[in-house]
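Counted the way our numbering counts, the sequence shown spans residues 24 to 953.
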Amino acid sequence: MTLPQPVPDAALQRLRRSYALLMLALGLPVAAAILYVLALQFEIVALGTQRQIAMSTERRVTRLDAVLAPLRDNLLRLRNATQVPSLAPSVPVDRASLLANADDTAYTMDALPPVLRDSAPQVLLAGPQRKDPRWRGAAVEQAALFAQQARLVTAGRSGFRRTYYVDAQGSQLWVYPWVRSDELLAELGATDVVGAMQRLAARHAAAGEDGRVFPDAVTWQVRADGAIRATAALMLNDSPGTVTGELPAAALDAARIDAGIGRFWVLDTAGRVVWEYKARDEPSSSSLAGMLPALAPDDLRRALDAPLALPLGSLLLAARPSAVAPWRAVYASDSAHVRRLVLRDVAPYAAGGAALLVLFLGVATLLWRRHALPSLRLVDYLHRKAFDLNAAEPSLPQIWAPWVRLTRETFGAAREAQAREQQALALKSAIVDHALAAIISTDAMGRIVEFNPAAEAMFGRRRDEVLGRPVVDVAVPPRHRSGHEAAIARMREGGDADALGRRVEMTAMRADGVEFPVEVVLWRTDLAGESHFTASLTDLSERRAAAEQIERQREALRQSEKLGAMGSLLAGVAHELNNPLAIVMGRASLLEEKCEGEPALQSDARRIREAAERCGRIVRTFLNMARQKPAERRNVQLNDLARAAVDMLAYTFRSHGIELQLALAPELPEVSADADQIGQVVLNLLVNAQQALAAAPDPAQRVVRVATGVEARRDNREPRVWLRVADSGPGVPPALHESIFEPFFTTKPEGMGTGLGLAVSRSLVREHGGQLGLEIGSSGAVFRMSLPISGRADGVTEPGALGSADGSGPARVLVVDDEAEIAELMRAMLEGAGFEVATAESGALALELLAEARFDAIVSDLRMPEMDGAALWREVKARHPALARRMLFVTGDTLSPGAEKFLAESGCSSLDKPFGRADLVDRVATLLMN
């Protein structure tokens with residue numbers, strides 16, 4: 024029964040187009056692959072053809088060399104054997120065999136008896152000496168010896184047709200084997216013996232002049248009849264000459280040289296054609312006929328160097344040199360002819376590709392009719408059934424009827440289940456979406472399946488963005504991901520059951536990479552045999568921040584109470600000491616007056632009084648520190664505040680083995696400031712220095728230096744006074760230069776500091792318009808405070824670290840030179856310009872001075888014994904980085920490679936010897952400006 028075919032609607036038409044596009048998408052790669060394979064095969068065959076052309080050229084050259092090599096080797100053997108005096112007996116020759124020509128211009132051996140012709144040479148003599156019987160006899164004897172050596176050398180060897188010897192004067196010509204003179208003249212193209220010999224001598228002489236005949240070289244020539252001729256120089260009895268060997272033209276037939284699919288030429292050194300072979304099937308339209316005359320020397324040179332045949336216009340060209348003769352073999356093929364041959368070889372592959380494409384189209388058509396079209400109609404029915412339960416069934420072959428019935432029943436059951444599931448999902452979604460806590464659900468592999476709005480707000484990610492992604496990539500910091508994945512794997516396998524249902528604090532990560540603490544409750548749900556894990560997360564950031572703020576305030580309160588208690592204690596002790604100190608000071612004054620006539624006793628009384636006054640100053644300092652009073656500004660002397668702080672800590676410094684050095688500038692201007700506050704700053708700096716040196720291993724190196732001075736006025740700024748506290752301790756690491764001024768930050772061990780000293784000190788100095796910072800580029804820790812005289816800020820802000828130059832007095836320069844006279848000369852020049860100068864005779868002594876004192880610049884010789892200028896610069900860079908940028912090298916060898924390399928590496932300036940005072944002073948001034 025044939026079912027009627029319904030008219031396809033728009034959806035079915037779209038599905039048909041989709042299938043057609045699918046088949047086209049599958050067919051195009053197949054066709055492209057076939058074309059690619061064919062193109063690749065064509066290229067492989069073409070390259071193989073080029074390689075075969077090159078290899079065939081090499082084979083033809085090898086065959087040519089196999090023919091020429093015996094001729095060359097036998098000729099060299101004959102030459103070497105002839106040049107050595109022979110010990111063989113002379114061959115008897117009848118003198119009557121020498122006949123004169125009709126014009127009596129030469130002698131020949133045409134009358135030699137036939138029995139001797141197989142072993143004797145033909146001898147041709149010319150020139151005036153031919154009439155001398157002794158000369159003729161000697162020439163015949165030598166020719167006989169030459170023939171004997173030629174017979175011995177060529178015995179059992181191929182490569183000779185005929186052997187010649189002719190001297191440079193053209194007076195002798197020996198030929199072996201014997202040949203009649205008229206035949207020889209015909210071969211040489213001469214009419215008489217004298218002309219033939221003169222032609223040979225002239226040709227050989229010309230060959231020797233243009234450099235082609237050398238004592239160890241062989242020259243080659245091809246005769247008009249095709250015979251190959253090789254010639255070598257021969258010195259016989261101190262008389263120069265040449266020996267020539269000939270190879271018949273038929274000898275090349277044994278090499279079986281053919282032209283293959285092109286033409287084969289052999290060229291001599293002048294580019295003339297020696298041989299030419301033409302392919303039997305060469306096309307009539309081939310471009311090979313006029314190729315050789317138009318061949319450029321550069322093209323020939325490229326062909327000689329190319330491993331494959333060289334494409335050259337419409338030709339494929341291969342060239343190889345002969346290893347025996349100074350000839351070059353050139354093989355050329357017509358590119359069009361080669362392309363036709365390649366296409367003929369590739370034709371079977373093209374036929375196979377076409378068959379494969381036809382097979383693919385046939386299979387695609389069969390699939391469309393038997394399976395694709397019914398499937399498309401069934402899919403269309405599924406599509407309509409999803410929206411309409413009463414959709415009409417499609418007209419399909421009987422074999423597809425069970426699938427239609429299954430689809431109808433499945434859709435009916437699915438509609439009922441879907442309705443129940445939608446109700447349950449709506450309830451769960453309402454609960455999850457309105458929860459205040461972030462809820463994240465994952466499958467057993469950790470991929471997110473649920474992400475409620477609270478989670479979106481907490482992590483800064485959208486739900487559709489994270490669904491399907493691993494939860495570790497979305498919410499877990501990178502350093503915790505491996506541990507999280509291991510824990511999920513254990514729970515998936517049934518382990519770590521105690522971790523479920525408990526509140527756990529963890530660290531999560533937002534979309535911007537910021538980490539924050541969360542409280543997590545995790546539970547497991549098994550659905551359809553698959554485990555799911557759900558986590559409820561609460562952000563603890565605000566709770567943690569509040570707890571940390573409370574703890575900081577609690578700690579600050581404890582420190583404040585501790586400082587208050589210490590202040591009360593110091594105040595009480597100071598008050599208790601005031602009365603006995605007043606008595607001691609009064610009695611000491613009376614005693615000093617009573618002892619006016621006794622200097623020794625008066626001196627003792629004065630010392631008692633001064634000690635009591637010092638104790639009084641210490642007590643007043645304690646009281647000022649402990650007294651809580653508003654700031655009171657008046658004109659104070661910074662030197663007095665420094666002495667008071669030093670007096671207070673003098674015993675502490677002595678008990679810790681610390682040397683205290685004072686370098687207070689005289690006549691220091693007074694400053695408008697609160698004496699108690701500035702005194703507290705100085706005291707804090709001294710206490711920090713004492714604590715930094717307490718753990719120094721060598722007591723001899725525990726030094727604290729307190730210095731004061733006045734800054735030079737710059738940019739119309741108000742004059743300022745400064746105070747520096749420098750210790751010889753380990754210093755402050757560069758990473759902490761700014762952090763040490765932050766409140767509650769301390770580098771001291773627990774219990775030794777509150778972290779408030781430097782922060783409070785900087786705040787007090789800033790209130791007075793001053794600056795407090797850490798100097799960089801100095802050994803140890805060096806803190807510098809500067810105050811304007813008026814006590815008001817002048818708009819200058821301070822960095823965390825100040826420059827090494829303190830601006831007090833002249834700049835200090837260290838001169839390093841192993842020659843004392845030069846060092847003293849530079850010292851005099853710089854001191855005359857107003858610099859303060861110190862000298863060192865070596866790099867080691869300079870490093871010791873740098874450890875003891877501060878310098879603003881270094882002038883050093885570059886070449887010194889033991890430690891040169893480069894080594895000194897590296898040590899200064901490691902110990903005083905800022906000072907390493909202010910070094911000037913004086914040398915007379917800046918052009919040497921070592922000096923140039925070092926100056927380029929260091930970036931320091933240099934001054935060539937000899938130099939003038941202005942040059943030196945200008946360079947040092949430029950350094951100090953940087």
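Positions of the beta carbon are idealized from the N, C-alpha and C atoms, including for glycine.
- Measuring C-alpha to C-alpha distances from residue 251 to each of 94, 497, 576 and 687 identifies 94 as the nearest.
- By the neighbour-count criterion, in which a residue is buried when 16 or more other Cβ atoms sit within 10 angstroms of its Cβ, residue 674 is exposed.
- If you look at residue 555, you'll find it in the beta strand (DSSP E) that goes 553 to 562.
- In the three-state reduction of the DSSP assignment, residue 930 falls in the coil class.
- Between residue 533 and residue 467, the gap from beta carbon to beta carbon reaches 7 Å or more.
- Measuring C-alpha to C-alpha distances from residue 68 to each of 346, 299, 319 and 366 identifies 366 as the nearest.
- Under the 8 Å Cβ criterion, the region 206 to 217 counts as touching the region 136 to 152, having at least three qualifying pairs.
- Shown here for residue 39: not one same chain residue has a beta carbon closer than 6 Å to its own, the five before and five after excluded.
- In the three-state DSSP reduction, residue 785 falls in the helix class (H, G or I).
- Judged by DSSP in its simplified three-state form, residue 539 adopts strand.
- Beta bridge pairing from DSSP links residue 529 with 541.
- Straight through space, the alpha carbons of residue 189 and residue 152 are spaced by roughly 15 Å.
- Going by C-alpha positions, residue 264 is about 10 Å away from residue 187.
- For the 7 Å CB-CB criterion, residue 864 and residue 884 do not form a contact.
- Segment contact: the region 43 to 55 against the region 340 to 356, fewer than three CB-CB distances shorter than 8 Å; contact not assigned.
- Cα atoms of residue 177 and residue 75: separation of roughly 37 Å, rounded to the nearest angstrom.
- As DSSP reads the structure, residue 463 sits in a beta bridge with 474 and 558.
- Annotation for residue 802: no beta strand (DSSP E) segment contains it, and DSSP assigns it neither H nor E.
- In this structure, the beta-carbon distance from residue 781 to residue 793 does not fall below 7 Å.
- In this structure, 693 is the residue among 786, 693 and 719 with its C-alpha nearest to the C-alpha of residue 742.
- Counting C-beta pairs with one atom in each stretch, the region 388 to 397 and the region 74 to 88 have fewer than three that are closer than 8 Å, which means they do not touch.
- The secondary-structure analysis by DSSP pairs residue 794 across a beta bridge with 809.
- Sorting 404, 380, 422 and 409 by C-alpha distance to the C-alpha of residue 394 places 422 at the top.
- Taking all protein chains in view, the Cβ of residue 573 is surrounded by fewer than 16 other Cβ atoms within 10 Å, so the residue is classified as exposed.
- By the Cβ rule, the region 79 to 91 counts as touching the region 339 to 350, because three or more pairs are nearer than 8 Å.
- Residue range 504 to 515 is occupied by the alpha helix (DSSP H) that includes residue 511.
- Here DSSP, grouped into helix, strand and coil, assigns residue 626 to helix.
- By a beta-carbon distance limit of 8 Å, residue 869 does not contact residue 836. Their separation comes to about 12 Å.
- Under DSSP, residue 910 takes part in a beta bridge, and its partners are 881.
- DSSP places residue 711 in no beta strand (DSSP E) but in the uninterrupted alpha helix (DSSP H) bounded by 698 to 716.
- Out of 201, 295, 203 and 160, the CA that lies nearest to the CA of residue 246 is found in 295.
- The beta carbon of residue 380 is closer than 7 Å to those of 53, 54 and 57 in its chain, skipping five residues each way along the sequence.
- Annotation for residue 398: no beta strand (DSSP E) segment contains it, though the alpha helix (DSSP H) segment containing it runs 396 to 410.
- Judged by DSSP in its simplified three-state form, residue 254 adopts strand.
- The straight-line gap separating the alpha-carbon atoms of residue 672 and residue 843 is approximately 44 Å.
- For residue 676, the enclosing alpha helix (DSSP H) covers residues 661 to 678.
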